[in-house]
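Sequential numbering from 1 applies to the sequence shown in the UniProt record's numbering.
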Amino acid sequence: MSNTTLCTTTCPKRLNATIETNSTNLILCSNNKAVLSLSSSMRKNHRRPTPHIPAPLLGSLLAPFLPDRQTFNNFILSCHEIYQSCRHIPAPWPCKQVACDGVVQAVTFSPSGELLAYTSDETVTTLLNRQTGERTKLKAGSKITSLAFAPNGQFLASGQRPLDNEPLSNDNIAVCVWDLRTACLKTHDMTMGKNCQELYRYGGAHSVSISPDGKILASGGMDQTVHLWKRSYSTDGETVAARFQYQRALTGLSNWIYTVKFSPNGKYLAAVGEGETSVWLWSIEQDYDVVVLQDEGTCHKETIHCIDFSANGKYLVSGSDDETIRVWDLKSLSCHKVLEGNCCPVWTLACSPWKTHHSVDNTLIVSGGKDQDTGERVLRLWSLETGKTDRILRGYLGYSRMYSNRF
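Written out as structure tokens, the structure is:
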């Protein structure tokens, strides 16, 4: 298995360097103005010339993601096999590289930007303190598939599924919830114990999501069911009164679940599964009444791989093997717009969480896939207002499919 490197670098005030861009990953951290990339030693043996983007052009490409001209506001995230090198980033772009054992399967920042959580070993999540370089390893018992921080940063949930030699049963660990307060971070090598709560479900979990208020955790996995756990807080909303307790199961999907996602306003929970051409949407305010988004004539023709909500909570966006992105109006529960022209299946997408000057309704969409003609991994930026591609970012030479990205 190839080694993978995590690279973090502090952004200068002005972009005046040549940046190497053969990757499927770019993270801009909101609070600490950090850029993170992932690279593989396999890239060194790749015979294809490395494309470069001059920094002024890079600054132009990143313009939609800047709240102003001085600070980077948020981040695009793509994970699995990432091939970006920071070797040619000169001062004033100091780069810190962190060697990882194996392919990075999941990576995310804590809400404050202080901690970076990633997994490059099937059963180990590493917490990296960006300021001190201190690392804490959280050892689980199953293969880690996804990571999600609580909005207050006090705990980290990891979605897990059985190892290849592990049988499917009701004893499979679906989610590990790690307490990230002082007691946990004092130890550098944590195994599952008092600082970790294990949530069990048949077949584990492929995806995990935490509600905006941090009180509900949702997981979806091989048992075709979305499982919900609820956590109680004190009246001030700060102190945890109890561990997660199982709340209920949401059924209806016919195959294992790709993705579960809470809306930013906490009103909805959405899910898609393998082979599904419709999005399942539950209203949290209406006691989880379910609606299936499948307008006749405007629904997807092939499997939906990815979903996300717009920051204003008005729309849900879905991407499919049919090479289209569909924007669903959550008020009318109908298809608002179809974005065409991907020229490849849409494997991953995300909606911008902040205002942009490209769209009246402040919604910019990024989608990722593999160009059928060239084999390149491609990111496309879309304006929801016009339904047109705003920019196309090429040059990603990954050896596998692009699994995920987000702002």
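Glycine included, C-beta positions come from ideal geometry on N, C-alpha and C.
In this text, all values refer to a predicted model and were calculated from it rather than measured experimentally.
Cβ contact (3+ pairs, closer than 8 Å) linking the region 254 to 272 and the region 199 to 209: In the pairwise beta carbon analysis, the region 254 to 272 is classified as touching the region 199 to 209: at least three pairs are separated by under 8 Å.
Rounded to a whole number of angstroms, what is the C-alpha to C-alpha distance between residue 32 and residue 259? Confidence at residue 32 is low in this model, with a pLDDT of 32, below 50, so the placement of that residue is unreliable and no value is reported for it.
Cα-Cα separation between residue 299 and residue 202, rounded to whole angstroms: Residue 299 and residue 202 have their alpha carbons spaced roughly 31 Å apart.
So, is residue 392 buried or exposed, given that buried needs 16 or more other C-beta atoms within 10 angstroms? Result: exposed.
Where the beta strand (DSSP E) containing residue 201 begins and where it ends: Counting along the chain, residue 201 falls outside any beta strand (DSSP E), and DSSP gives it neither H nor E.
Beta-carbon proximity list for residue 266, same chain, < 8 Å, skipping 5 on both sides: Result list for residue 266: 211, 212, 213, 284, in chain order.
Alpha carbon to alpha carbon, how far is residue 339 from residue 388? Give it in angstroms, no decimals. Approximately 7 Å, taken between the alpha carbons.
Quick check: the Cα distance between residue 250 and residue 292, rounded to an integer number of angstroms? Cα-Cα distance, rounded: 13 Å.
Locate the beta strand (DSSP E) running through residue 155, then write down its first and last residues. Segment 155 to 161, the beta strand (DSSP E) holding residue 155.
If residue 382 sits next to residue 325, beta carbons under 8 Å apart, how far is it from one beta carbon to the other, in whole angstroms? Residue 382 to residue 325, Cβ: 7 Å. Contact.
Helix, strand or coil: which one does DSSP assign to residue 284? DSSP places residue 284 in coil when its eight states are reduced to three.
Terminal residues of the continuous beta strand (DSSP E) containing residue 369? First-last of the beta strand (DSSP E) with residue 369: 364 to 370.
Near residue 129, what residues of its chain come up, given a Cβ to Cβ distance below 7 Å and the 5 sequence neighbours on each side ignored? Answer for residue 129: 114, 115, listed in chain order.
Strictly by DSSP, which residues pair up with residue 351? 365, per the DSSP bridge assignment.
For residue 268, the residue or residues it bridges with in DSSP: In DSSP, residue 268 forms a bridge with 283.
C-alpha distance - residue 124 paired with residue 158, whole-angstrom precision: Taking the straight line from one Cα to the other gives about 10 Å.
Less than 8 Å separating the beta-carbons of residue 277 and residue 310? Taking the C-beta atoms as reference points, residue 310 is found no nearer than 8 Å to residue 277.
According to DSSP, which residues form a beta bridge with residue 143? 161, per the DSSP bridge assignment.
Helix, strand or coil at residue 341 according to DSSP, with G and I counted as helix: Coil at residue 341, not helix or strand.
Is it true that the CB of residue 320 sits closer than 8 Å to the CB of residue 346? A contact, by the Cβ cut-off of 8 Å.
Is residue 280 near residue 252, with beta carbons less than 8 Å apart? Contact: yes.
With a threshold of 6 Å on Cβ separation, who are the neighbours of residue 380 within its own chain once the five nearest residues in sequence on each side are excluded? Cβ neighbours of residue 380 beyond the five flanking positions: 367, 389, 392.
Out of 328, 225, 343, state which residue places its alpha-carbon closest to the alpha-carbon of residue 336. The candidate whose alpha carbon is nearest that of residue 336 is 328.
Span of the beta strand (DSSP E) around residue 245: Taken as a continuous stretch (DSSP letters only), the beta strand (DSSP E) holding residue 245 covers 245 to 250.
For residue 106, three-class secondary structure by DSSP: DSSP, reduced to helix, strand and coil, places residue 106 within a strand of the structure shown.
Would you identify the three-state DSSP class for residue 328, choosing helix, strand or coil? Strand.
Could you give the first and the last residue of the continuous beta strand (DSSP E) run that contains residue 125? 124 to 129 is the extent of the beta strand (DSSP E) around residue 125.
Mapping the DSSP letters down to three states, classify residue 229 as helix, strand or coil. Correct three-state label for residue 229: strand.
Paired residues, beta bridge with residue 422 - DSSP: Residue numbering for the chain in the displayed model covers 1 to 407; residue 422 lies beyond these limits and cannot be assessed.
Around the C-beta of residue 275, are 16 or more other C-beta atoms found within 10 angstroms, so that it is buried, or is it exposed? By the neighbour-count definition (other C-beta atoms within 10 Å, threshold 16), residue 275 is an exposed residue.
In this structure, does DSSP put residue 174 in helix, strand or coil? Note: residue 174 maps to strand in three-state DSSP.
If distances are taken between C-alpha atoms only, which option among 155, 143, 135, 136 comes closest to residue 110? Out of 155, 143, 135, 136, the CA that lies nearest to the CA of residue 110 is found in 155.
Can you name the residues that DSSP bridges to residue 382? Answer is 365, 389, bridged to residue 382.
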